[in-house]
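J.: The structure under discussion is supplied below as structure tokens; questions concerning it will follow.
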């Protein structure tokens, strides 16, 4: 039996993205974002939802670019910090010890310390209410050397991505349940 | 050191949503979607990206409503099946044994077997290329009784949400890393 929890933003799993951008003075900044995801295959796109009051909002509008870092569990403290304070008052790279790197493809920085970075050009945006949805065209994915399996995909256990639990904590990824595009074939008979 | 993987749709973690809708004949259908996420707080919104060729696409356009089921790991086989075949040729509820329930709030069905259901009214849509992004206003969240912690949040370990790994398999959620909006305070000093 189900109970009503009301109209709220609840979804599992949620990402813990580190969104990188340059502010109007060219200072590299990061913000943590759990609202967003992959939204198109052709062109490959990722969207992040950001409130206009956040420093990252005008930075993306001005530079028409951002990066999305996929942090691993070792970066949980830095990820949480980047969601607690504003880049207007703090240098988040200095405070966390993360290493800023300028993308060679788009006008945005990223933290080189994480396993995977998506470099995005602003493609479309949509005003939804409290948040603007910035849709970025993914121009490249950069991954730390040594994370690939024999098939060329990234090994999820090596990536060790951080998961944001809207119930209150950060989690690691757990055990495998079954192969995608495969285990469902049992039901086709 | 990082290597380039090219422009591709890669993000961790990804959800494994079960999107519920009625087709033009009123038949309840489900499709599996990993492209999407929460995109706004006020109003609370969740977006899913769907190709125009999929049966779910005209169903959402016609009914201006859909549900998003958060499946648990026990439903992995059904989730995978719902992404392998089309509702035009198959009754996915019958094939999987999932139980269709009509939402009392929006004109869309869901599978009652999962732990959490989001009931959504179509709020905005955006053409991105291969996919249309349907932004739904979340009008209610329904959760199985017994999943809440003492604080009223959902217990992630009890929800046991399925994670889609774009590297190839489904995963469960793993161990806790730290408390959100808390562990980063160490770096504020």
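Chains as they are written, first to last, in the working numbering: chain A, 910 to 1098; chain B, 910 to 1098.
Backbone N, C-alpha and C fix where the C-beta goes; we use that ideal spot for every residue, glycine too.
Computed from a predicted structure; not experimentally measured.
(1) When DSSP labels each residue in this structure, what does residue 986 (chain B) get in the three-state scheme?
(2) Report the residue ranges of all alpha helix (DSSP H) runs contained in full by the region 952-1000 of chain A; include only those spanning at least 4 residues, in chain order.
(3) Can you give, in chain order, each stretch of the beta strand (DSSP E) that sits fully within the region 996-1073 of chain B and has at least 3 residues?
(4) Apart from the five residues on each side of it in sequence, which residues of its chain come closer than 6 Å, Cβ to Cβ, to residue 1072 (chain B)?
(5) Helix, strand or coil for residue 1077 (chain B) per DSSP?
(6) Figure out for me which residue from B:1063, B:970, B:1056 has the closest Cα to the Cα of residue 929 (chain B).
(7) Is there contact between the region 964-982 of chain B and the region 1060-1071 of chain A, where contact requires at least three CB pairs shorter than 8 Å?
(8) Where do the ends of the beta strand (DSSP E) carrying residue 937 (chain A) lie?
(9) To which residues of the same chain is residue 1058 (chain A) closer than 8 Å at the C-beta, ignoring the five residues directly before and after it?
(10) Assuming contact is defined by CB atoms lying nearer than 8 Å, are residue 1002 (chain A) and residue 937 (chain A) in contact in what I supplied?
(11) Ignore the nearest five residues each way along the sequence and tell me which others in residue 980 (chain B)'s own chain have a CB closer than 7 Å to its CB.
(12) Compare the Cα-Cα distances from residue 1051 (chain A) to each of A:1034, A:1040, A:1025, A:1060 and report the closest residue.
(13) What does residue 1105 (chain B) touch in chain A if you count any residue whose Cβ is under 7 Å from its own?
(14) Within this structure, are the beta carbons of residue 1041 (chain A) and residue 953 (chain B) separated by less than 8 Å?
(15) If residue 993 (chain A) and residue 1094 (chain B) are in contact, beta carbons under 8 Å, what's the gap, nearest whole angstrom?
(16) Would you kindly work out how many angstroms separate the C-alpha atoms of residue 1056 (chain A) and residue 983 (chain A), rounded to a whole number?
T.: A quick look at the data gives this:
(1) Looking up residue 986 (chain B) in the second chain gives position 77. Residue 986 (chain B): helix per DSSP, three-state reduction.
(2) Restricting attention to alpha helix (DSSP H) runs no shorter than 4 residues, the region 952-1000 of chain A encloses them at 965-972, 985-993, ordered along the chain.
(3) Counting only runs of 3+ residues, the beta strand (DSSP E) found wholly inside the region 996-1073 of chain B occupies 1009-1011, 1018-1020, 1025-1036, 1041-1053, in chain order.
(4) The sequence position of residue 1072 (chain B) within the second chain is 163, counting from 1. The answer, listed in chain order, is 922, 1080.
(5) Your numbering for residue 1077 (chain B) matches position 168 in the second chain. If DSSP states are grouped into helix, strand and coil, residue 1077 (chain B) belongs with coil.
(6) Residue 929 (chain B) sits at position 20 when you count from the first residue of the second chain. The option with the nearest alpha carbon to residue 929 (chain B) is B:970.
(7) Contact between the region 964-982 of chain B and the region 1060-1071 of chain A is absent, because fewer than three Cβ pairs lie under 8 Å.
(8) Position 28 of the first chain holds residue 937 (chain A). It spans 937-942 - the beta strand (DSSP E) in which residue 937 (chain A) sits, taken as one unbroken run.
(9) Here residue 1058 (chain A) refers to the residue found at position 149 of the first chain. 1064.
(10) The residue labelled residue 1002 (chain A) in the question sits at position 93 within the first chain. The residue labelled residue 937 (chain A) in the question sits at position 28 within the first chain. Less than 8 Å divides the Cβ of residue 1002 (chain A) from the Cβ of residue 937 (chain A).
(11) Position 71 of the second chain holds residue 980 (chain B). Within the same chain, and ignoring the five residues on either side of residue 980 (chain B) in sequence, the residues whose Cβ sits closer than 7 Å to its Cβ are 925, 927, 988, 1023, 1071.
(12) Against the first chain, residue 1051 (chain A) aligns to sequence position 142. Scanning A:1034, A:1040, A:1025, A:1060 for the CA closest to the CA of residue 1051 (chain A) turns up A:1025.
(13) Any property of residue 1105 (chain B) remains undetermined from this structure, which presents chain B solely from 910 to 1098.
(14) Counting from 1 along the first chain, the entry for residue 1041 (chain A) is found at position 132. Counting from 1 along the second chain, the entry for residue 953 (chain B) is found at position 44. For residue 1041 (chain A) and residue 953 (chain B), no; Cβs fall outside 8 Å.
(15) Position 84 of the first chain, counting from 1, holds the residue named residue 993 (chain A). Position 185 of the second chain, counting from 1, holds the residue named residue 1094 (chain B). At roughly 7 Å, the Cβ-Cβ gap stays under 8 Å, so residue 993 (chain A) and residue 1094 (chain B) are in contact.
(16) Residue mapping note: residue 1056 (chain A) aligns to position 147 of the first chain, counting from 1. Residue mapping note: residue 983 (chain A) aligns to position 74 of the first chain, counting from 1. Whole-angstrom Cα-Cα distance: 16 Å.
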